[in-house]
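Heads up, the sequence shown is in full-length UniProt numbering, so the first residue is 1 and it goes up one at a time.
What follows is one structure encoded as structure tokens, with my remarks underneath.
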Amino acid sequence: MKSVGPEEGPIRVLHVDDDEAFLRLTESSLSEIDPGLDLRQTSDPTGVPDRIDDEVECVVSDHQMPELTGVELLKRVREVHPDLPFVLFTGQGSEQVASEAISAGVTDYVSKDGGLEGFELLATRVRGAVEQRRLEESLAATREGYEKLLETAPDAILVVDAETGDLLQVNSAAEELFGRSREELRGLHQTELHPKRDREYYRGVFEEHAGSDGVLRDKRELSVVHADGHEIPVEISAASLELDDQRLVQAIFRDLRDRR
């Protein structure tokens, strides 16, 4: 049998089907195909919404069941868990059922009629859906943690689009340093932070650094311009990074006025 190795721990699946024999067949088949799928099973679809806890990462459901159809169950689950992967695994499919399921927010649709290949496809689709959701949650947590770090930093930090040089994000310290709100700073080109006489120089430095994967640390005393026009001596360090598939440059501006 085809093996799909587990990654990042077991995937906890709630499997719903009114056919007890098919529940047993599914469990035995999936345990061989992908041991990383941890199945919980029930023949009662009406109790499924109450059985979904923080550990359940995917629901796999038949469609044609006496108490509740798979699409009806999907709609109930979506009311409480709008992003939980939900796969219809049914032998009573039709274009109409597929259309209704898609409209209700089904994650995937797999036919029971495929024999062993059907179980292999189910395992692949479940794992793919859960790993995609895990990745999205990880990225969201990473972004949230990064933003908290950014906001509490004592130095001015600016996140710049590596392609355009435009400011995408700044912290409170940057607002204070430049005397501008973050709404005013966002969208500015990074050269506009410096005196006019130096802007072409900074454009060249930025473009050279944005095309590399390294860290820039310019130890010279540089200047930025406050909103009221006066110049402020700073030390700038910068690093390239990638977030959500976007190339960025994070620049740290350290105010040198207190060192004088």
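Beta carbons are placed, not taken as given, at the ideal position from N, Cα and C, and that holds for glycine.
Query                                                                                                                                       : Result
State yes or no: is the C-beta of A200 within less than 9 Å of the C-beta of G165?                                                          : Before going on, a small fix: residue 200 reads as Glu here, not Ala. For E200 and G165, no; Cβs fall outside 9 Å.
So is K148 buried or exposed if we call it buried at 16+ other beta carbons inside 10 Å?                                                    : exposed
Quick check on this structure: which residue in P82, V249 and V160 has the alpha carbon closest to the alpha carbon of R133?                : P82
Restricting to runs no shorter than 4 residues, where is the alpha helix (DSSP H) found entirely within the UniProt domain "PAS" (142-196)? : 172-178 and 182-185
Alpha carbon to alpha carbon, how far is L68 from K75? Give it in angstroms, no decimals.                                                   : 11 Å
Mind pulling the beta strand (DSSP E) runs of 3 or more residues that sit fully within the stretch 223-260?                                 : 231-243 and 246-255
May I have the straight-line CA-CA distance separating A90 from F119, to the nearest angstrom?                                              : Per the sequence presented here, residue 90 reads as Thr, with Ala not at that position. So the alpha carbons of these two residues sit roughly 11 Å apart.
For D258, is the classification buried or exposed, using 16 other Cβ atoms within 10 angstroms of its Cβ as the cut-off for buried?         : exposed
So, under 8 Å CB-CB, Q64 and Q41 are touching, yes? Tell me the CB distance rounded to an integer number of Å.                              : Between Q41 and Q64 the Cβ distance is about 17 Å, and since that is not below 8 Å, they are no contact.
Please state whether DSSP places D18 in a helix, a strand or coil.                                                                          : coil
From E183 to L14, what distance separates their C-alpha atoms?                                                                              : 46 Å
Per the contact definition of three or more C-beta pairs closer than 8 Å, is the stretch 161-175 in contact with the stretch 127-146?       : no
Let me know the secondary structure DSSP gives I11 once reduced to three states.                                                            : strand
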